[in-house]
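Numbering (my numbering), first residue to last: 99 to 385.
Set out below in structure tokens:
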């Protein structure tokens, strides 16, 4: 399958990150932060330099991953100041995507209300009424922009966001009738927080054309204690699920990219060392 990495998980020095990618034969570069800037904030000259580096190493870009719509709440509305700020950033990221040849641009979703739907009494006493209904209108202008620009958006299943599972990601796509332009960026480790089992439950939600991109890392969540620990790949709660996930992706001829997300370190803050301790297992399972 097509394998890559989120480059700044190795280093924000893109030249160094690309050399490490060469060392491990990883083909696809996902860009999030390059230098001190998030994608969408670089000048035209800086984008040209980024593109030259990518071409010199023969690395196609899989996705530009800015935190579009992250931090918004159910109080925000389309066209308000914060939404406009995020839409302006999205326009800049799309311009960069055209320059570097990225087929995908990541978006996020607004902050999570915990209980969105209920029944047998919960619908009266526990549901955050109308919370979900605020989300599709926020995302709809982004979908229309991407459609006009000939790009695909991927909405990440995130921690603490309204879309925090494959179920909610698929529901958003269906509610917007946007399956051709908006896909799921599946981060099964993030989905652990809401206890969506990655396989088969999570995977079955995105079969049939919903899946656009994948992030892989391993974690251990303790929701009652509000604690998240990133684990060395194969030592967290996804350890026994990575292989069946990979087999399902192969069986269904998934043709997108799987990006390793290097957010693990051994307690010393050295993320490149953490990357090096995980990447061979990642390649052996998904390669």
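All residues carry an ideal CB built from backbone N, CA and C; glycine is no exception.
Every value quoted in this text rests on a predicted model; they were computed, and no experiment measured them.
Test item: CB-CB of residue i and residue j under 8 Å
| i | j | result |
| --- | --- | --- |
| residue 233 | residue 270 | yes |
| residue 279 | residue 244 | yes |
| residue 355 | residue 160 | yes |
| residue 202 | residue 310 | yes |
| residue 192 | residue 247 | yes |
| residue 194 | residue 145 | yes |
| residue 339 | residue 329 | no |
| residue 348 | residue 303 | no |
| residue 274 | residue 170 | no |
| residue 152 | residue 204 | no |
| residue 174 | residue 208 | yes |
Own chain partners of residue i with C-beta closer than 7 Å, once the 5 adjacent residues on each side are dropped
| i | result |
| --- | --- |
| residue 372 | 360, 362, 363, 364 |
| residue 124 | 101, 102, 103 |
| residue 440 | The structure shown does not extend to residue 440, since the chain is modelled only from 99 to 385, so the question has no answer here. |
| residue 341 | 383 |
Buried versus exposed, by CB contacts within 10 Å (16 or more), residue i
| i | result |
| --- | --- |
| residue 263 | buried |
| residue 286 | buried |
| residue 130 | buried |
| residue 385 | exposed |
| residue 296 | buried |
| residue 272 | exposed |
| residue 288 | buried |
| residue 177 | exposed |
| residue 157 | buried |
| residue 392 | A question about residue 392 goes unanswered here, because the residues of the chain that appear run from 99 up to 385. |
Chain-order list of residues whose beta-carbon lies under 6 Å from that of residue i (same chain, five-residue window excluded)
| i | result |
| --- | --- |
| residue 379 | 331, 332 |
| residue 352 | none |
Anticipated Cβ contact below 8 Å, residue i with residue j, distance rounded
| i | j | result |
| --- | --- | --- |
| residue 137 | residue 163 | 7 Å |
| residue 172 | residue 211 | 6 Å |
| residue 312 | residue 357 | 7 Å |
| residue 118 | residue 345 | Actually they are not in contact, since the Cβ atoms of residue 118 and residue 345 sit about 28 Å apart, beyond 8 Å. |
| residue 350 | residue 337 | Contact flag wrong, Cβ pair sits at about 22 Å. |
Same chain only: Cβ atoms within 8 Å of residue i, ignoring 5 sequence neighbours per side
| i | result |
| --- | --- |
| residue 206 | 165, 166, 167, 168, 253, 254, 256, 259, 261 |
| residue 148 | 112, 129, 132, 140, 198 |
| residue 215 | 221, 225, 230 |
| residue 87 | Summary: the structure shown does not reach residue 87, with the chain confined to residues 99 through 385, and so no result is reported for it. |
| residue 135 | 144 |
* Complete beta strand (DSSP E) runs within the segment 283-329 (minimum length 3 residues, chain order) -> 309-314, 316-320, 325-329
* **Start-end ranges of the alpha helix (DSSP H) lying completely within the segment 134-203, minimum 4 residues** => 142-155, 179-198
* Along the chain, which unbroken stretches of the alpha helix (DSSP H) at least 4 residues long are found entirely within the segment 330-361? -> 340-349
* Which runs of the alpha helix (DSSP H) spanning at least 4 residues fall entirely within the segment 254-280, listed in chain order? -> 264-274
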